[in-house]
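Q: My questions will all concern the structure given below.
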Amino acid sequence: MSQNKFVSMLGLLLNAPWTLLGLAIAALSIPKRTLVKKDALALVIDVRRIWLVEPFHGKPVKGFTLGNCVLRSDFAIINTINHELIHVRQFTKFPLVFPFLYLFDSIKKWSR
């Protein structure tokens, strides 16, 4: 097994709790369509609104990533998916640190 494949699989395993939380939020957001992005090891779920996250942002959310799960709302623009897939790669590359940095950044934006 190549080192990159091992790192990806390890990241997928370590991100499983975050991915499951993302799937739960997607289920509560009434999913419309699901895509599998094999190259990014990501599950992209289109929803009408990501209403559980909106109170923390104070406005409609275009996209949201937890682990390997990307939620994309009706407010998303063309580049939203590319931006969110960057977060999937960050979750995979830094599975023990990135979730907390992502949370900290979200709290910082919310407190403005």
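57 is the number that numbering that gives the first Met the number 0 gives to position 58 of the sequence shown; each next residue is one higher, with no gaps.
Don't be surprised by glycine CBs; every beta carbon is placed ideally from N, CA and C.
Computed from a predicted structure; not experimentally measured.
Would you identify the three-state DSSP class for V87, choosing helix, strand or coil?
A: Helix at V87.
Q: Does the distance from the CB of L100 to the CB of V69 come in under 8 angstroms?
A: The answer is no: Cβ separation not under 8 angstroms.
Q: Which residues mark the beginning and the end of the beta strand (DSSP E) in which F93 is found?
A: Per DSSP, F93 belongs to no beta strand (DSSP E) and is neither H nor E.
Q: What does the alpha-carbon distance come out to for the pair V35 and K107?
A: Cα to Cα, the separation comes out at about 31 angstroms.
Q: Could you tell me if T91 is buried or exposed, where buried requires 16 or more neighbouring beta carbons within 10 angstroms of its beta carbon?
A: Buried: at least 16 other Cβ atoms inside 10 Å.
Q: Residues in its own chain within less than 6 angstroms of F63 by CB, not counting five upstream and five downstream?
A: So the qualifying residues of the chain are I49, V52 and L70.
Q: Taking the alpha-carbon of L84 as reference, which of S1, V46 and K37 has the nearest alpha-carbon?
A: With distances taken between Cα atoms, L84 lies closest to K37.
Q: With a CB to CB cut of under 8 angstroms and the five nearest residues on each side skipped, what residues in its chain are close to L13?
A: P94 and L95, listed in sequence order.
Q: So which of P98, L19 and I44 has the shortest CA-CA distance to T79?
A: Among P98, L19 and I44, the Cα nearest to that of T79 belongs to I44.
Q: According to DSSP, R71 sits in a beta bridge with which residue or residues?
A: Beta-bridge pairing links R71 to D45 and G62.
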